[in-house]
Each structure stands twice: as structure tokens, then as C-alpha cells.
Amino acid sequence: MNLIGDLNLAWSNNESLFIYVLMVLLGTDERAAAIVFATLNTTRARLDLVQRLAKIAVSDRAVRNELTDVVERFSAATRLRNDFSHATFVIDDHGEITHTQHMKVEESRGNLRFGVRRPVDDARLEEIVHTIRELDTLNRRIWDLMPLLEAATERQRNRSEPERRG
Numbered sequence: 002m003n004l005i006g007d008l009n010l011a012w013s014n015n016e017s018l019f020i021y022v023l024m025v026l027l028g029t030d031e032r033a034a035a036i037v038f039a040t041l042n043t044t045r046a047r048l049d050l051v052q053r054l055a056k057i058a059v060s061d062r063a064v065r066n067e068l069t070d071v072v073e074r075f076s077a078a079t080r081l082r083n084d085f086s087h088a089t090f091v092i093d094d095h096g097e098i099t100h101t102q103h104m105k106v107e108e109s110r111g112n113l114r115f116g117v118r119r120p121v122d123d124a125r126l127e128e129i130v131h132t133i134r135e136l137d138t139l140n141r142r143i144w145d146l147m148p149l150l151e152a153a154t155e156r157q158r159n160r161s162e163p164e165r166r167g
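In this note's numbering, the protein residues as written are 2 to 167.
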């Protein structure tokens, strides 16, 4: 199924852009930002760090709000990507994917239940197509945000300089 591969590619491309967001927020170079990025082993941890750093490094509300919205939209896409990337697939006798089966084992009242099984129907395929389009748009938004983020962090650093010296 090409759509799942396209979803993963679009998602991964966007996730890697957060290295550059971290670079700007930390005021460091690409290599150091990549080390921080790779050291945090979950997307959630990376996005949490981005949001926390933005609170101290970006006083411009419009820029911070744009970054927050980008992170929230990326998080929404991450849920769908994880849904397909961390599931097993049920295949019919024609080799077509009919369902996803989540790998999570849930325990409730002493009973074990294997993860949720969901059909891969037209609505779900359309959700993938829509999310890929969203990720493409989000990619452009992140690139457009970078110069604004750089300017906002520079203004914040310049305001903080007198405090450090004084």
C-alpha cells in the first residue's frame, strides 16, 4: 500500500525539520541540535522540548502561537502515522490489507484484550490522503516559520543580554 509509505515519508520529513527548530530555539548549530534531537527517543519528548523552549526563547506571541499550532497539527498527524506504523495488518486471500490490529495488550478487570482492530476502508484511506496533504502544507509552514522564529529568538536574546550583564 503506497499510501502508508507516503504517509511515513511525509511525516519523517516534517519530524526532521524539528532539528532546525531546536537549533534556533537553543541558539546552537545543526550538529548540536541533531544530537539533542536524537538523544530524545520519542517524538512526544522532542515536541515537548520544542514547546518548553519556545516559552522561554520566544516572547513574540504570534510566532509562539504559530509554532504551537504547527506542533499540534504535527501531533495529530503523528497519531495516524503511529496507528499504521505500530500495528500489524490483516490481509485477505487476495493480498489486500483489510484491517489494522494494534499491538497494545490491554488489561481490564483481570481480562486481557489484544489491541483494537480497525478496518482499512475508503474512509480510512481518505484520512491518510488528507493527512499527507496536511503534512505537505505543514512542511511549508515550518519553513516559512523559520525566519520568523530566528528573528523572535534573536530579539529575545538581545533583551536578555542586559539582564545577564547587570
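We put the beta carbon where it would ideally sit given N, CA and C, even for glycine.
Model, not experiment: these values are computed from the prediction.
Close beta carbons around residue i, own chain, < 7 Å, minus the five adjacent residues each side
i    : result
L41  : R47, L50
Q157 : A58, V59, S60
D137 : A11
V121 : I98, T99, H100, T101
Alpha carbon of residue i to alpha carbon of residue j, nearest angstrom
i    : j    : result
L27  : R62  : 18 Å
I92  : S76  : 28 Å
H95  : T89  : 17 Å
N112 : E16  : 37 Å
N159 : T29  : 16 Å
E107 : E31  : 41 Å
S161 : L54  : 15 Å
S109 : R80  : 23 Å
R154 : V37  : Correcting the residue type first, residue 154 is Thr in the shown sequence and not Arg. Distance between the alpha carbons of T154 and V37: 18 Å.
E135 : D145 : 15 Å
Within 9 Å, strictly: CB atoms of residue i and residue j
i   : j    : result
A34 : L18  : no
A78 : T43  : no
L8  : F115 : no
Reference residue i; option with closest CA among the options
i    : options                : result
A152 : A11, R118, R45, R65    : R65
L139 : N3, N14, G6            : N14
R141 : R74, E31, A39, F38     : R74
G6   : L126, E155, V106, I143 : L126
R82  : E107, D30, W144, I129  : I129
R119 : N112, V106, R110, Q102 : Q102
H1   : M104, E97, T43, A78    : Absent from the structure is residue 1, since the part of the chain shown begins at 2 and ends at 167.
T99  : D123, A55, F115, R80   : D123
D70  : V37, I143, E97         : I143
Same chain only: Cβ atoms within 8 Å of residue i, ignoring 5 sequence neighbours per side
i    : result
M147 : Y21, V22, V25
A150 : Sequence inspection shows Leu at residue 150; the Ala mentioned does not correspond to that position. V22, V25, L26, V59, V64, L68, listed in sequence order.
V72  : L48, V51, Q52
L4   : L126, I129, V130, I133
Close beta carbons around residue i, own chain, < 6 Å, minus the five adjacent residues each side
i    : result
V117 : H103
A39  : none
Runs of 3 residues minimum, wholly inside the stretch 30 to 92: which ones carry the beta strand (DSSP E) assignment?
88 to 92
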